[in-house]
Amino acid sequence: MCGIVGAVAQRNIVPVLVQGLRRLEYRGYDSCGVAVIVDGVARCARSVSRVADLEQKILDSQLLGETGIAHTRWATHGAPVTHNAHPIFSHETIALVHNGIIENHEILREGLCENGYKFVTQTDSEVIAHLIYSVYKNDLFAAVRAAVKQLHGAYAIAVFSTDQPHLVCCARGGSPLVVGLGKSENFLASDALALAGSTNRLIFLKEGDVVELTLDRVRIADCNGDLVQRQVHTVNTYSSAVELGPYQHFMHKEIFEQPRAISDTIAHIDAFDPELFGAGARDVFNKIDSLLILACGTSYYSGLTAKYWLESIAKIPTQVEIASEYRYRDSVPNHRSLVVVISQSGETADTLAGLKHANELGHLHTMAICNVEGSAIVRLTALRFLTHAGTEIGVASTKAFTTQLVALFVLSVTLEWLRGHADSSLLAQHLKQLRHLPAALNSVLSLEPQIIAWAEEFSSKENVLFLGRGMHYPIALEGALKLKETSYIHAEAYPAGELKHGPLALVTEAMPVVTVAPNDMLLEKLKSNIQEVRARGGQLYVFADADTRIVNDEGLHVIRMPEHYGLLSPILHVVPLQLLAYHTACARGTDVDKPRNLAKSVTVE
Numbered sequence: 001m002c003g004i005v006g007a008v009a010q011r012n013i014v015p016v017l018v019q020g021l022r023r024l025e026y027r028g029y030d031s032c033g034v035a036v037i038v039d040g041v042a043r044c045a046r047s048v049s050r051v052a053d054l055e056q057k058i059l060d061s062q063l064l065g066e067t068g069i070a071h072t073r074w075a076t077h078g079a080p081v082t083h084n085a086h087p088i089f090s091h092e093t094i095a096l097v098h099n100g101i102i103e104n105h106e107i108l109r110e111g112l113c114e115n116g117y118k119f120v121t122q123t124d125s126e127v128i129a130h131l132i133y134s135v136y137k138n139d140l141f142a143a144v145r146a147a148v149k150q151l152h153g154a155y156a157i158a159v160f161s162t163d164q165p166h167l168v169c170c171a172r173g174g175s176p177l178v179v180g181l182g183k184s185e186n187f188l189a190s191d192a193l194a195l196a197g198s199t200n201r202l203i204f205l206k207e208g209d210v211v212e213l214t215l216d217r218v219r220i221a222d223c224n225g226d227l228v229q230r231q232v233h234t235v236n237t238y239s240s241a242v243e244l245g246p247y248q249h250f251m252h253k254e255i256f257e258q259p260r261a262i263s264d265t266i267a268h269i270d271a272f273d274p275e276l277f278g279a280g281a282r283d284v285f286n287k288i289d290s291l292l293i294l295a296c297g298t299s300y301y302s303g304l305t306a307k308y309w310l311e312s313i314a315k316i317p318t319q320v321e322i323a324s325e326y327r328y329r330d331s332v333p334n335h336r337s338l339v340v341v342i343s344q345s346g347e348t349a350d351t352l353a354g355l356k357h358a359n360e361l362g363h364l365h366t367m368a369i370c371n372v373e374g375s376a377i378v379r380l381t382a383l384r385f386l387t388h389a390g391t392e393i394g395v396a397s398t399k400a401f402t403t404q405l406v407a408l409f410v411l412s413v414t415l416e417w418l419r420g421h422a423d424s425s426l427l428a429q430h431l432k433q434l435r436h437l438p439a440a441l442n443s444v445l446s447l448e449p450q451i452i453a454w455a456e457e458f459s460s461k462e463n464v465l466f467l468g469r470g471m472h473y474p475i476a477l478e479g480a481l482k483l484k485e486t487s488y489i490h491a492e493a494y495p496a497g498e499l500k501h502g503p504l505a506l507v508t509e510a511m512p513v514v515t516v517a518p519n520d521m522l523l524e525k526l527k528s529n530i531q532e533v534r535a536r537g538g539q540l541y542v543f544a545d546a547d548t549r550i551v552n553d554e555g556l557h558v559i560r561m562p563e564h565y566g567l568l569s570p571i572l573h574v575v576p577l578q579l580l581a582y583h584t585a586c587a588r589g590t591d592v593d594k595p596r597n598l599a600k601s602v603t604v605e
């Protein structure tokens with residue numbers, strides 16, 4: 001989940017590298033570093049703090065260079081201390097940055113030690129640096145190609161050698177990497193966002209690619225060692241999303257961007273046409289008899305919500321699996337099932353592995369729901385729906401989640417129509433509700449002052465229980481995840497009907513119970529669950545639709561939602577839970593955008 005940047009130019013590229021690291025901090029922030037070539041010698045700056053601290057060290061040391069690599073780390077092998085921070089060196093000649101995990105690093109380390117190599121870090125990455133040096137004969141491109149053949153696991157690497165100035169090599173094996181083309185300069189990065197402002201001409205590398213970058217040339221060898229040409233994409237990498245504007249945190253900004261993000265996602269939808277999901281989607285949809293949804297974290301909860309829609313609207317059996325579990329268990333494949341993989345980044349390692357496992361089992365039909373065009377998941381599936389949420393910087397996902405829900409609702413209604421369960425008037429009603437969603441979300445966002453007052457009370461708590469029923473149970477799960485991610489408060493979610501089967505034992509006056517209470521067919525059942533909590537002295541905090549007749553009382557705190565929104569109610573009800581998590585985290589003084597131990601794009605297992 002680390003982030004890497006590299007460049008060769010005829011100007012000082014250190015500011016480019018540092019700016020790239022700032023934009024990649026979402027991928028990890030345990031440590032960071034930059035290395036450049038200066039008069040045939042490698043110079044380096046590292047920090048076990050954030051990029052801002054690294055930048056100050058660079059200024060103090062007056063670090064300049066025209067060839068360089070940089071790294072921001074999410075620690076796996078070795079503690080986040082200075083000597084484990086990247087770039088990693090071998091014999092002061094080879095400098096390397098690495099994202100991923102090398103599974104056979106111990107065996108490789110033993111062999112290198114037997115040949116006299118000394119290790120100064122606990123990282124698996126140092127093995128790669130020494131391995132490249134061991135086969136290096138004044139041709140870095142050849143050395144990298146030879147070395148990566150010995151690696152098992154996942155990696156994206158960038159390397160330079162001090163005796164080959166204005167040359168950087170990189171390689172991709174299971175972790176994302178993009179090359180940026182400039183005029184008499186070239187770049188590489190884990191994410192196109194890191195290159196915003198430097199170039200918009202990008203090559204998305206394929207699995208097994210090894211690349212040589214010089215001032216005026218990019219050479220690419222594929223997994224077979226053959227020189228190949230890759231398509232150059234023109235992508236507008238710069239976006240206002242990388243700037244905070246008037247907001248204190250990206251999470252807050254991205255919560256308030258949700259009306260616009262949803263509007264952008266549905267802008268091209270005039271009807272529930274199967275072709276929204278790609279050419280040939282109609283034929284695929286007519287062949288399938290079920291869905292298998294694979295995802296992790298927040299994306300998994302979007303899939304759980306969609307199960308309710310798909311089975312109640314489209315009447316199609318749907319199974320939702322955590323990708324990291326699915327890939328390792330024995331399952332019974334149904335070749336008439338549509339495998340839907342959901343990922344904000346499109347590079348989530350476990351979801352990618354789950355997709356590959358499904359393909360190996362003989363699944364014929366695949367679809368991606370993703371926020372990043374050109375990502376690995378999008379390239380590996382036959383069908384896809386891009387969510388157009390825009391860049392999401394905050395580690396705790398907000399607008400990516402709600403736009404995923406929109407995509408899954410569109411899929412549900414499309415299948416509903418194709419399977420003969422909807423007439424034109426019902427489709428028109430669905431479309432009208434979808435188009436009104438951004439305005440409805442703006443009304444929910446106006447509840448922020450009331451939510452801030454609740455957050456002040458929550459900030460002193462150490463445990464919170466979330467309750468929901470039906471399609472709002474996954475929303476309760478998402479609310480609990482957001483609170484634990486950002487505030488470090490222990491939070492759990494349960495279906496409200498499960499209270500009496502165990503969780504009720506936890507209820508005391510000291511533990512808030514957050515309840516999602518839409519005016520749906522389960523409302524009366526939910527009211528009974530609320531009374532169960534009140535009878536035990538619990539403190540209830542209820543997000544209730546306007547017409548639920550749930551009112552403020554002793555031990556019962558109510559924030560009234562602007563309107564009931566039927567099938568799309570989960571999208572409205574998750575927003576106040578996002579705001580509650582955000583403002584509770586702010587009140588506790590945590591690092592909201594970069595929670596401890598986490599990273600945005602989970603590209604390692």
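In this text, residue positions in the sequence shown follow full-length UniProt numbering: the first is 1, and each later residue adds one.
Here a beta-carbon is modelled for each residue, glycine too, at the ideal position from N, C-alpha and C.
Beta carbon of residue i nearer than 8 Å to that of residue j
i, j, result
"Ala400", "Asn371", "yes"
"Ala585", "Ser487", "yes"
"Val16", "Ser198", "yes"
"Arg534", "Leu556", "yes"
"Tyr582", "Val592", "yes"
"Leu437", "Ile571", "yes"
"Gly225", "Arg109", "no"
"Glu66", "Arg11", "yes"
"Thr265", "His388", "yes"
"His573", "Gly394", "no"
"Val232", "Arg201", "yes"
Among the options, the one whose alpha carbon lies nearest that of residue i
i, options, result
"Ser343", "Arg329, Leu310, Thr398", "Thr398"
"Asn334", "Gln319, Ser324, Ile107", "Gln319"
"Gln164", "Val8, Ser345, Asn286", "Val8"
"Ser331", "Glu321, Lys500, Tyr582", "Glu321"
"Leu522", "Ala546, Val542, Gly497", "Gly497"
"Tyr541", "Lys525, Ser528, Arg560", "Arg560"
"Thr381", "Ala396, Val395, Ala407, Leu352", "Leu352"
"Glu243", "Glu212, Arg23, Ala544, Val551", "Arg23"
"Ala491", "Ala196, Lys461, Leu276, Leu188", "Lys461"
"Gly20", "Val5, Val413, Ser459", "Val5"
"Asn519", "Lys594, Arg282, Pro562", "Pro562"
"Lys57", "Pro503, Val18, Ala192", "Val18"
"Asp289", "Ala323, His363, Ala42, Val211", "His363"
Between the CA atoms of residue j and residue i - distance to the nearest angstrom
i, j, result
"residue 607", "Ala587", "This structure leaves residue 607 out entirely; the chain is present only between 1 and 605."
"Val215", "Ser161", "It is Leu, not Val, that sits at residue 215 in the sequence shown. Taking the straight line joining both Cα atoms gives about 15 Å."
"Val168", "Tyr155", "16 Å"
"Tyr565", "Val81", "50 Å"
"Tyr308", "Asp553", "32 Å"
"Val444", "Pro495", "23 Å"
"Ala466", "Ala480", "This sequence places Phe at residue 466; Ala is not what is there. Approximately 6 Å between the Cα atoms of the pair."
"Thr298", "Tyr247", "23 Å"
"Ile313", "Lys482", "28 Å"
"Leu361", "Gly116", "45 Å"
"Ser190", "His501", "46 Å"
"Ala505", "Ile475", "23 Å"
"His91", "Lys137", "14 Å"
"Ile472", "Val516", "Rather than Ile, the amino acid found at residue 472 in this sequence is His. If you take the alpha carbons of His472 and Val516, they lie about 7 Å apart."
"Thr402", "Ile262", "8 Å"
"Thr72", "Asn442", "36 Å"
Residue i, buried or exposed, once every other Cβ within 10 Å from all chains shown has been counted against 16
i, result
"Gly33", "buried"
"Gly173", "buried"
"Gly589", "exposed"
"Lys356", "exposed"
"Tyr328", "exposed"
"Cys113", "exposed"
"Leu292", "buried"
"Leu195", "buried"
Extent of the continuous beta strand (DSSP E) to which residue i belongs
i, result
"Gly6", "3-8"
"Leu383", "383-386"
"Cys586", "Where Cys586 is concerned, there is no enclosing beta strand (DSSP E), although the alpha helix (DSSP H) it sits in stretches over 569-588."
"Ile37", "31-38"
"Leu364", "From DSSP, Leu364 is part of no beta strand (DSSP E); its letter is neither H nor E."
"Glu416", "Note, Glu416: premise wrong, no beta strand (DSSP E); alpha helix (DSSP H) at 399-418."
Limits of the alpha helix (DSSP H) - the one that residue i falls within
i, result
"Ala146", "140-148"
"Tyr565", "From DSSP, Tyr565 is part of no alpha helix (DSSP H); its letter is neither H nor E."
Short CB-CB distance (under 8 Å) between residue i and chain B
i, result
"Val235", "Although the question refers to chain B, the structure presented lacks it and comprises just one protein chain."
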